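Below is one structure, written out as structure tokens; the observations come after it.
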Amino acid sequence: MTRIERAGLVAVVGRPNAGKSTLINRLCGEKVAIVTPKPQTTRLRLCAVCNRPPVQMVLIDTPGFHAPRTKLGQRMVRTVRESVAGVDAAVLVVEPVPNAGELERDLIRQCAKVSFPLYLAINKIDAVPYEKLLPVIAAYQNEARFAALLPISAKKGDGVEELAALLLAQMPPSPALFPDGEVSDQPARVLISETIREKLLLCLNDEVPHGAAVTVERLGERRKDGGDARDGAPPLVEIEAVITCEKDSHKGIVIGKKGAMLKKIGSLARAELEEMYEGPVFLKLWVRVREGWRDSDAQLRNFGFQ
Numbered sequence: 060m061t062r063i064e065r066a067g068l069v070a071v072v073g074r075p076n077a078g079k080s081t082l083i084n085r086l087c088g089e090k091v092a093i094v095t096p097k098p099q100t101t102r103l104r105l106c107a108v109c110n111r112p113p114v115q116m117v118l119i120d121t122p123g124f125h126a127p128r129t130k131l132g133q134r135m136v137r138t139v140r141e142s143v144a145g146v147d148a149a150v151l152v153v154e155p156v157p158n159a160g161e162l163e164r165d166l167i168r169q170c171a172k173v174s175f176p177l178y179l180a181i182n183k184i185d186a187v188p189y190e191k192l193l194p195v196i197a198a199y200q201n202e203a204r205f206a207a208l209l210p211i212s213a214k215k216g217d218g219v220e221e222l223a224a225l226l227l228a229q230m231p232p233s234p235a236l237f238p239d240g241e242v243s244d245q246p247a248r249v250l251i252s253e254t255i256r257e258k259l260l261l262c263l264n265d266e267v268p269h270g271a272a273v274t275v276e277r278l279g280e281r282r283k284d285g286g287d288a289r290d291g292a293p294p295l296v297e298i299e300a301v302i303t304c305e306k307d308s309h310k311g312i313v314i315g316k317k318g319a320m321l322k323k324i325g326s327l328a329r330a331e332l333e334e335m336y337e338g339p340v341f342l343k344l345w346v347r348v349r350e351g352w353r354d355s356d357a358q359l360r361n362f363g364f365q
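Under the working numbering, think of the first position of the sequence shown as 60, with each following residue one higher.
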């Protein structure tokens with residue numbers, strides 16, 4: 060077992076689509092959080108375990124901070140506010156724009172209420188000339204006293220190891236917070252549903268994804284052709300999941316002509332799940348309609364939003 064001598068929590072916050080999940084996956088060296096170009100991809104607070112012996116750093120992937128328009132949005136914003144309590148450090152991820160918006164200022168104020176180092180990660184530097192970063196740095200230096208301001212590219216890895224070194228140095232003496240081998244605090248059903256939702260986001264246009272949720276109705280294993288564990292072959296993982304939409308018209312879009320879109324979503328999700336389980340996966344998807352579920356307290360609880 061890997062010996063851990065220091066461990067702590069790091070909240071990663073920022074606007075939707077700033078690159079928080081991409082940064083977390085880069086720091087962890089593997090995919091833990093789902094990533095798409097669509098805003099508000101992350102809905103749940105997810106802890107990703109980054110082991111750099113003798114240090115364990117637990118990265119809290121938070122939903123993008125935004126002005127909420129539904130009860131789901133309100134819960135997502137509340138999750139962000141709660142996630143900065145009790146951490147050992149925080150990273151504010153921003154795009155290379157030479158001014159801080161009100162959402163960024165609000166996040167800075169939230170972090171200022173708690174005593175921990177706040178790092179600024181100016182992401183997506185691969186998309187702008189270097190000289191355009193200087194006004195971005197100057198703008199944020201006027202907003203707060205950051206522990207450090209680092210230009211990075213979470214997508215390509217530029218500057219990420221420098222950020223990692225600073226964060227690791229902030230982790231206090233502690234035994235491991237998560238056992239060896241665990242990469243997330245989320246149960247298998249949540250990781251599966253998020254994988255399916257990621258493929259749905261990637262395949263569909265903007266009007267459908269934010270009104271869709273995924274729940275795993277059944278998760279089990281069985282041996283193919285009467286085999287057993289002694290033969291060394293991995294079991295067949297059987298998954299049945301439901302995609303919930305807000306409108307009948309959205310259901311038709313998700314299913315597609317002659318089921319083509321649903322088949323595409325399922326095929327992409329199954330391929331990634333087979334990598335996750337290191338074995339065969341049988342995935343069956345259904346689509347149903349629940350009008351207004353994002354503004355229903357009962358429905359939100361059913362989907363795991365407290």
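Note that CB positions come from ideal geometry on N, CA and C, so glycine has one too.
For clarity, every value in this text was computed on a predicted model and none was experimentally measured.
Is residue i near residue j, with beta carbons less than 9 Å apart?
i, j, result
"V153", "V187", "no"
"I255", "V242", "no"
"I298", "V249", "no"
"R85", "G216", "yes"
"P293", "G338", "yes"
"V69", "D147", "yes"
"L105", "Q245", "yes"
"M116", "L226", "yes"
"C262", "K323", "yes"
"P157", "K191", "yes"
In terms of residue numbering, what span does the beta strand (DSSP E) encompassing residue i cover?
i, result
"G311", "Segment 307 to 314 is the alpha helix (DSSP H) holding G311; no beta strand (DSSP E) there."
"A70", "65 to 73"
"K343", "340 to 348"
"I184", "First-last for I184: undefined, no H or E at that position."
"V301", "295 to 304"
"A148", "148 to 153"
"E163", "Premise fails: E163 lies in the alpha helix (DSSP H), 161 to 171, not in any beta strand (DSSP E)."
So, at 8 Å on beta carbons, what are the nonlocal neighbours of residue i in its own chain, with the 5 sequence-adjacent residues on each side left out?
i, result
"E350", "E305, K306"
"V71", "K79, L82, I83, L118, I119, D120, T121, A149, V150, V152"
"I167", "L151, A159, L177, E202, A203"
Please name the residue, chosen from the options, that lies closest to residue i on a Cα-to-Cα basis.
i, options, result
"E89", "A149, L118, R65", "L118"
"V313", "R277, S252, G270", "G270"
"G311", "W345, E331, L222", "W345"
"R277", "V296, V219, A235", "V296"
"L184", "A228, F237, L208, R168", "Contrary to the premise, residue 184 reads as Ile rather than Leu in this sequence. That would be L208, whose Cα lies nearest to the Cα of I184."
"V91", "E221, A107, L82", "A107"
"P75", "C87, P157, A149, E163", "E163"
"I211", "P155, K317, A171", "P155"
"E334", "C262, L321, L261, I251", "I251"
"Y336", "M116, A247, C170, L263", "A247"
"N264", "F237, E220, G218, G315", "G315"
"R204", "F175, C87, L260, L321", "F175"
Can you list, in chain order, the residues of its chain whose CB lies under 6 Å from that of residue i, leaving out five sequence neighbours each side?
i, result
"L327", "K258"
"G78", "V152, N182, A213"
"G67", "D147, M230, P231"
Answer with buried or exposed for residue i, where buried requires no fewer than 16 other C-beta atoms within 10 angstroms of its C-beta.
i, result
"D161", "The question names Asp, yet the displayed sequence has Glu at residue 161. Classification for E161: exposed."
"G325", "buried"
"D120", "buried"
"W352", "buried"
"Y178", "buried"
"S80", "buried"
"S308", "exposed"
"N110", "buried"
"A235", "buried"
"A319", "exposed"
"L193", "exposed"
"A180", "buried"
"G73", "buried"
Quick one: what's got a C-beta closer than 7 Å to residue i's C-beta in the same chain, skipping five residues either side?
i, result
"R65", "P113, V114, M230, P231, P232, S233"
"R62", "P112, P113"
"R329", "V340, L342"
"A159", "A198, Y199, E202"
"P347", "Just to set this straight, residue 347 is Arg in the shown sequence, not Pro. Only V301, T303 meet the Cβ criterion."
"E331", "T254"
"V275", "R248, I251, S252, I298, A300"
For the alpha helix (DSSP H) containing residue i, name the first residue and the last one.
i, result
"T81", "79 to 87"
"D120", "That residue, D120, is in no alpha helix (DSSP H); its beta strand (DSSP E) goes 114 to 120."
"E331", "319 to 336"
Looking at the ligand SAM, does it come within less than 8 Å of residue i, judged from the CB to the closest heavy atom?
i, result
"E89", "Absent from the structure shown: the ligand SAM. Ligands present: none."
Does the beta carbon of residue i sit closer than 9 Å to a beta carbon anywhere in chain B?
i, result
"R329", "Absent from the structure: chain B. Only one protein chain is present."
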